[in-house]
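Student: Chains as they are written, first to last, in the UniProt record's numbering: chain A, 1 to 126; chain B, 1 to 126.
There are 2 protein chains.
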Amino acid sequence: MENKLPETEPSKGSKHSYTRETAAEGVEHALKLLEGRWKLIILFHLFGGQIKRFSELERGIQGISQKMLIQQLRQMEADGIVRRIVYHQVPPKVEYALTDWGQALCPALDALLTWAEEQPTQTVQP
Amino acid sequence: MENKLPETEPSKGSKHSYTRETAAEGVEHALKLLEGRWKLIILFHLFGGQIKRFSELERGIQGISQKMLIQQLRQMEADGIVRRIVYHQVPPKVEYALTDWGQALCPALDALLTWAEEQPTQTVQP
DNA sequence: TATGGTACTTACGAGAAGGTAAGTTAATGG
DNA sequence: CCATTAACTTACCTTCTCGTAAGTACCATA
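(1) Quick one: what's Glu95/B bridged to in DSSP?
(2) Compare the C-beta of His29/A with all C-beta atoms of chain B and state if any pair is closer than 9 Å.
(3) Is the CB of Ile41/B under 9 Å away from at least one CB in chain A?
(4) Could you name the residues of chain B that His45/A contacts, counting a contact when the two beta carbons are closer than 8 Å?
(5) By a C-beta neighbour count over all protein chains shown, 10 Å radius and 16 as the cutoff for buried, is Val27/B buried or exposed?
(6) Taking a cut of 7 Å between CB atoms, which residues from the region 96-124 of chain A lie near chain B?
(7) Show which residues of chain A have a CB atom less than 7 Å away from the CB atom of His88/B.
(8) Per DSSP, what kind of secondary structure is Gly63/A in: helix, strand or coil?
(9) Output, in chain order, the set of chain B residues within a Cβ distance shorter than 7 Å of Leu34/A.
(10) Would you kindly check if the distance between the Cβ of Ala104/B and the Cβ of Leu43/A is under 9 Å?
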């Protein structure tokens with residue numbers, strides 16, 4: 001049984017070569033950066049070069065707590081996805097933006113979104 | 001500061017149009033299908049049209065328990081990613097393969113892998 | 001001296017996810 | 001009659017994630 005897809009395994013043309021294990025690890029590593037109840041929504045608030053203050057994000061994201069907002073932002077900052085810009089003022093002002101690499105997530109998320117759109121409707125047999 | 005990426009937000013050319021919230025939900029939905037300690041490694045064992053028995057997967061995946069293997073396979077089956085082929089024999093024989101849609105994950109995972117490869121090396125300031 | 005605004009930080013608890021180990025089923029060969 | 005084999009299933013426990021709620025620091029203003 002042959003399959004007609006142009007690619008049957010990821011990374012056929014990559015500069016790296018992967019085994020099943022290292023490819024899975026690589027993708028797992030990428031997914032770990034995106035896992036977290038609030039990361040994607042934060043990401044989408046910052047895509048397109050947008051720069052937002054902490055309080056703007058807090059107001060813009062329905063249901064998030066300060067603790068979670070800060071936690072997810074800090075993780076993404078540590079991962080190199082988010083840039084933190086501090087103004088030394090009182091009251092404090094801190095802005096958040098994506099790094100170039102963070103912005104580069106777009107096409108990848110787009111591919112996932114497109115894939116998800118094609119999900120066949122489930123046929124449930126009783 | 002301008003960013004040079006051709007796309008600044010996901011799904012510019014999609015047949016669907018997304019708000020920040022619906023796009024985030026869509027990607028979250030896609031990620032949820034892939035989350036789980038063992039799903040990716042299973043996926044990579046089945047990519048390329050491979051068909052494997054339960055016991056082959058069990059032997060091929062280092063450290064997985066039967067409980068987890070079955071759990072993750074069943075979830076992916078319910079999600080339409082994995083196909084389950086039962087032979088009515090004793091002792092039992094059950095094979096697992098990817099659906100066409102499951103195979104179509106490849107380019108999306110490839111995009112993620114490529115993105116992850118480009119992660120800049122972190123500069124940690126003491 | 002008291003109040004407010006912004007960006008955090010901490011303590012505590014509930015629930016989900018994952019691990020280990022043992023049990024179940026059903027036909028077949030000895 | 002008993003053991004074997006493959007594919008599960010169940011009970012129980014630990015660990016991780018997330019949520020709520022409250023507190024902190026700093027300076028400006030009234």
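Note that beta-carbon positions come from the ideal geometry of N, C-alpha and C, so glycine has one too.
Only a predicted model underlies this, so the values are computations on that prediction, with no experimental measurement involved.
Tutor: So, from the listed chains and residues:
(1) Partner(s): Arg53/B, Ile85/B.
(2) Residue-level contact check: His29/A touches chain B, since one or more beta carbons of chain B fall below 9 Å from its beta carbon.
(3) Nearest CB-CB separation between Ile41/B and chain A: below the 9 Å threshold.
(4) Per Cβ cutoff of 8 Å: Arg20.
(5) The C-beta of Val27/B has 16 or more other C-beta atoms within 10 Å across all chains shown, which makes the residue buried.
(6) Only Asp100, Trp101, Gln103, Ala104, Leu105, Cys106, Pro107, Ala108, Leu109, Asp110, Ala111, Leu112, Leu113, Thr114, Trp115, Ala116, Glu117, Glu118, Gln119, Pro120, Gln122 from the region 96-124 of chain A bring a Cβ to less than 7 Å from some Cβ of chain B.
(7) Against chain A, the beta carbon of His88/B has no neighbour under 7 Å; the closest one sits roughly 17 Å away.
(8) Coil at Gly63/A, not helix or strand.
(9) Per Cβ cutoff of 7 Å: Leu31.
(10) Cβ atoms of Leu43/A and Ala104/B: not closer than 9 Å.
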